[in-house]
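To convert, note that position 371 of the sequence shown is 374 in the numbering used here; the numbers rise steadily by one, no gaps.
Presented below is the structure to which this report refers.
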Amino acid sequence: MIRLAVLLAVWSILGIIGAWLADSGMVSIAWKDYDIRVHGGLLVGGVVVILLLTVILFEIWHWLLGLPGRRRERKRHERQTTGYHALSQGMIAAAAGDAVAAAMHSRQASRLLEDEPATLLLSAQTAQLEGKEDVAQLRFKDMLEEPETRFLGLRGLLADAVQRGAYEEALTLAREAHSLRPSTPWVLTTLFDLLTRAELWKEAMEVVNQIGRLKLFDHDELQRRRALLHHMMAEEALDDDRLEDALAYAREANRRFAHFSPSTVLAASVAAALGRAGQARKILERGWELAPHPEIADAYARLEDGEDPSSRLRRFARLESLQPGHALTHVVMAELAMAAGEWKTARKHLDAALERDPTAGVYRLYADFERESGGGHEKARSWLAKTLDAQPDDCWVCDDSGEVLPEWHLYGPTGRFDSVRWQRPPKIVRLAAGQRPAYALPHEDLGETPHPPRGPLERLRQISRLDRPDPAN
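This is the structure we're talking about:
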């Protein structure tokens with residue numbers, strides 16, 4: 004409807020103009036001896052035609068003048084299109100690991116796109132594929148000069164520094180990358196790893212808090228990382244003989260991650276060193292109630308110096324009451340009963356442990372029981388034979404490599420943070436040469452070598468042996 008109205012209006016205006024021109028009369032022009040009379044409509048039409056011709060001639064002239072520039076622009080556009088195509092193909096080749104194709108496209112892109120910062124990235128990636136790390140470093144450093152590629156240049160230099168093991172240099176680069184883009188996930192996680200390697204626990208805690216605000220990790224993972232950092236701060240305070248700080252950090256770690264036995268044992272050990280035996284006992288009992296662990300049992304055994312085996316067995320009844328159905332409870336009670344010479348009690352707990360979790364360690368302990376209780380070596384050998392097909396006992400295992408470690412470490416053998424977990428290792432058909440059997444409590448057959456003293460709590464870190472009676476007596 005609107006279009007029809009507009010069309011009628013246009014035609015009406017044209018009709019009015021045409022009627023005016025048709026009835027406009029004559030125009031007389033006197034010039035020297037000439038007297039020119041022209042119809043008004045014809046004069047207006049002539050003027051319009053002259054104006055149109057002038058405009059057309061001007062446009063033709065302008066087009067002719069701009070022809071060389073347009074040819075240059077077209078060539079530049081074709082060159083740019085070809086260059087970006089070479090750049091994209093080079094990126095694809097670099098991602099696919101095709102060094103030859105990547106190098107070819109990189110040279111072409113660099114030649115066609117002289118001022119394109121992305122060509123520096125392709126050149127750096129190509130140099131890495133060709134094994135020219137020095138060239139790659141130069142390209143990444145060149146990228147630092149361009150605002151568009153500065154962040155990518157930092158990432159390349161950072162990755163190279165980590166690969167070379169230059170962690171101090173990597174930390175400096177990570178901090179600079181963090182200043183440019185503080186919310187980028189890989190920057191935060193890399194900075195966290197480097198800070199923990201440098202034992203800068205408080206700064207690492209700030210990064211964890213930022214990760215938490217951005218919700219990059221779930222709640223449990225955040226709590227675990229905070230707990231581990233508090234545990235390491237406790238270890239640091241302990242090495243500096245700051246016992247009160249060590250206890251506070253260890254308790255905080257234990258509060259955030261109650262199932263982490265190293266923090267439980269550390270908190271109890273520091274409390275005992277400060278003369279707070281009751282607090283130490285409660286910490287260990289709470290840890291045992293949540294998650295029984297051999298290290299907790301060992302620390303609980305060391306709370307009383309000079310304790311005879313029978314008294315220790317009676318004292319451990321408290322732990323037994325907290326986890327009466329757990330297999331490790333029966334293993335610990337069996338070892339204590341064996342040390343006290345209460346063979347019936349030991350057999351009862353060994354049978355219960357076999358019923359709940361028949362691991363290789365339980366079979367080895369049963370073999371010891373037969374030897375020490377007078378059952379004979381034949382029975383002991385029959386129990387040892389069963390270890391070949393039994394499940395291994397829980398221990399500290401690297402999640403990445405499956406390697407079994409004697410104690411917990413913040414970094415596993417593969418170099419990944421928090422990769423050492425208390426779990427069941429892959430089943431081993433036969434014991435490796437020189438491997439010693441594992442017991443829930445310190446055992447005189449293990450022949451442990453004491454660690455060199457490292458401060459006032461070293462006496463709590465030494466392994467206390469359980470005296471077992473001679474079966475011949």
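Virtual Cβ for every residue (Gly too), placed ideally from N, Cα, C.
On a predicted model such as this, the values are computed, not experimentally measured, just so you know.
Helix, strand or coil at residue i [DSSP, three-state]
{"i": "L174", "result": "helix"}
{"i": "W291", "result": "helix"}
{"i": "L408", "result": "strand"}
{"i": "F263", "result": "coil"}
{"i": "F372", "result": "helix"}
{"i": "Q140", "result": "helix"}
{"i": "R315", "result": "helix"}
{"i": "Q326", "result": "coil"}
{"i": "T390", "result": "helix"}
{"i": "T362", "result": "strand"}
First through last residue of the beta strand (DSSP E) which encompasses residue i
{"i": "R424", "result": "V423 to Q426"}
{"i": "W189", "result": "Segment P188 to R200 is the alpha helix (DSSP H) holding W189; no beta strand (DSSP E) there."}
Contact check, residue i vs residue j, beta carbons under 7 angstroms
{"i": "W386", "j": "Y369", "result": "yes"}
{"i": "A342", "j": "P312", "result": "yes"}
{"i": "L339", "j": "L316", "result": "yes"}
{"i": "P395", "j": "S404", "result": "no"}
{"i": "L176", "j": "L191", "result": "no"}
{"i": "A283", "j": "A274", "result": "yes"}
{"i": "A320", "j": "V268", "result": "no"}
{"i": "R228", "j": "V211", "result": "yes"}
{"i": "L197", "j": "H181", "result": "no"}
{"i": "W411", "j": "V423", "result": "yes"}
Cα-Cα separation, residue i to residue j
{"i": "R200", "j": "D397", "result": "27 angstroms"}
{"i": "R258", "j": "A230", "result": "8 angstroms"}
{"i": "M208", "j": "P327", "result": "38 angstroms"}
{"i": "I299", "j": "H329", "result": "14 angstroms"}
{"i": "A253", "j": "D402", "result": "25 angstroms"}
{"i": "L67", "j": "V58", "result": "14 angstroms"}
{"i": "E292", "j": "K285", "result": "10 angstroms"}
{"i": "G2", "j": "D371", "result": "In the structure displayed, the chain extends from 4 to 476; residue 2 sits before or after that span and is not available."}
{"i": "A349", "j": "E381", "result": "19 angstroms"}
{"i": "K218", "j": "E255", "result": "22 angstroms"}
{"i": "A12", "j": "V52", "result": "25 angstroms"}
{"i": "A436", "j": "G278", "result": "Residue placement at A436 is flagged as unreliable, the pLDDT there being 34, under the threshold of 50; the coordinate-derived value follows with that caveat. Looking at the two C-alpha atoms, the distance is approximately 43 angstroms."}
Rounded distance between the beta-carbons of residue j and residue i, thought under 8 angstroms
{"i": "L306", "j": "A270", "result": "About 13 angstroms; that fails the 8 angstroms criterion."}
{"i": "W204", "j": "L232", "result": "5 angstroms"}
{"i": "A383", "j": "Y366", "result": "Going by Cβ atoms, the distance from A383 to Y366 rounds to 10 angstroms, so no, they are not a contact pair."}
{"i": "H333", "j": "A355", "result": "4 angstroms"}
{"i": "R184", "j": "F154", "result": "6 angstroms"}
{"i": "A322", "j": "E375", "result": "Checking the sequence shown, residue 322 turns out to be Leu, not Ala. Going by Cβ atoms, the distance from L322 to E375 rounds to 23 angstroms, so no, they are not a contact pair."}
Where the alpha helix (DSSP H) containing residue i begins and where it ends
{"i": "E224", "result": "H222 to D242"}
{"i": "H333", "result": "A330 to A343"}
{"i": "Q166", "result": "R153 to R167"}
{"i": "T348", "result": "W346 to R359"}
{"i": "E298", "result": "P297 to A304"}
{"i": "Q213", "result": "W204 to L217"}
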